[in-house]
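Take a look at the structure set out below.
2 protein chains.
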Amino acid sequence: MDRIDYQILSTLHDNARITISEMSRMIAMSQPAVTERLRKLEEQGVITGYRAEISPSKLGKHTTAFVLFKSNNCKEFEVFGEATPEIVDLYRTGGEYNYLLKVVTETSETLETFLETCNNFGFSSTLVVLSTRFEDKSLVGSTE
Amino acid sequence: MDRIDYQILSTLHDNARITISEMSRMIAMSQPAVTERLRKLEEQGVITGYRAEISPSKLGKHTTAFVLFKSNNCKEFEVFGEATPEIVDLYRTGGEYNYLLKVVTETSETLETFLETCNNFGFSSTLVVLSTRFEDKSLVGSTE
DNA sequence: CCTGAAAATATATCGCC
DNA sequence: GGCGATATATTTTCAGG
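Protein sequences, first through last, are from chains A and B.
Taking UniProt numbering, the leading residue of the first sequence gets 1, the next gets one more, and so forth.
Taking UniProt numbering, the leading residue of the second sequence gets 1, the next gets one more, and so forth.
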């Protein structure tokens, strides 16, 4: 993992659909060499995937919240988490609560319905997101 | 936005680097038609970007935490948030705290240093992530 | 590990329905 | 909106340093 690998990671973090040819021009290296480096970064698990970012509001999902959760039946709760489309992220945490969920719903009413379902599994505390300042800041600094 | 648009979104959410030709085969539509639909989805802001997912641990970042924050100088705090590479996500929230941060650091020691810096801006409460069950579940159901 | 060249794919841009 | 055809660009593959 040298500086060129970091440049590749940084570039793909900004735009995962860039062509390898264009990247190879940006970083002044032949296109087959970039292809091979990229293949290795994927193989080693440094890059775990590529995803399109989709605007929740354009899909009618206008409410985002984080829910702290305390469950005493973790297996059951995780099955529920997997099966529930509103739960976008699911983290196991230390401290008073044992789960943190990111939840995306259509309106605050839909969020309320979701939270009522949650009450079947334990105790929760909700933080409503008013706005997102930024998300997914790059882990690789521009000069690494 | 019909069923085909949802198929395009779902496919790109799973793999943002798929070729349009391959997508056009999967959804049985001509390549120029898929290209045109994709162009419109980007133009309308339904798709806001494409990013590579990078494994924090492969970059030596082994600690993730969420930090609840109460600041009484929001402008100052947001400038700090932008400038601080450890802060990966920054949300404005309602309730007792006014910010929620996702923080990624190398070790728990680096997290501690970060939290000490934070104390200059207000009061915080930290939830350490033990493990991530899943992240970025698709907002578009497979049959929409 | 990288380059350069050639063959196989993919994309952009037509005119047409 | 979508299709087919074609010109341009990109990716894959591989011999050679």
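The beta carbon of each residue, even a glycine, is placed where N, CA and C say it ideally should be.
**Request:** Could you check the C-alpha separation between A/E53 and B/A52 for me, to the nearest Å?
**Result:** Cα-Cα distance, rounded: 10 Å.
**Request:** Establish whether the CB of B/Q44 and some CB of chain A are separated by less than 8 Å.
**Result:** Taking a beta-carbon distance threshold of 8 Å, B/Q44 counts as an interface residue toward chain A.
**Asked** Can the beta-carbon of B/V129 be found closer than 8 Å to that of B/F66?
**Response** yes
**Any chain B beta carbon closer than 8 Å to A/S131** = Yes, A/S131 counts as interfacial toward chain B.
**Asked** Would a C-beta distance cut-off of 8 Å place A/T63 and A/T105 closer than the cut-off?
**Response** yes
**Asked** Quick one: what does DSSP say A/E53 is sitting in, helix, strand or coil?
**Response** In this structure, A/E53 counts as strand in the three-state DSSP scheme.
**Asked** For B/V104, which three-state DSSP category applies?
**Response** strand
**Asked** Excluding sequence positions up to five away, which residues of its chain have a Cβ less than 8 Å from the Cβ of A/I4?
**Response** I27, M29 and R37
**Message:** Once the 5 residues before and after A/F80 are set aside, which same chain residues still bring their CB inside 7 Å of it?
**Reply:** F121
**Prompt:** Are the C-beta atoms of A/K61 and some chain B residue less than 8 Å apart?
**Reply:** Closer than 8 Å to some Cβ of chain B, the Cβ of A/K61 qualifies, so yes.
**Request:** Give the straight-line distance between the Cα atoms of B/A83 and B/C118, rounded to the nearest whole angstrom.
**Result:** 13 Å
**Prompt:** Taking the alpha-carbon positions, what's the A/E109 to A/R17 distance?
**Reply:** 37 Å
**Prompt:** Three-state secondary structure (DSSP) at A/L9?
**Reply:** helix
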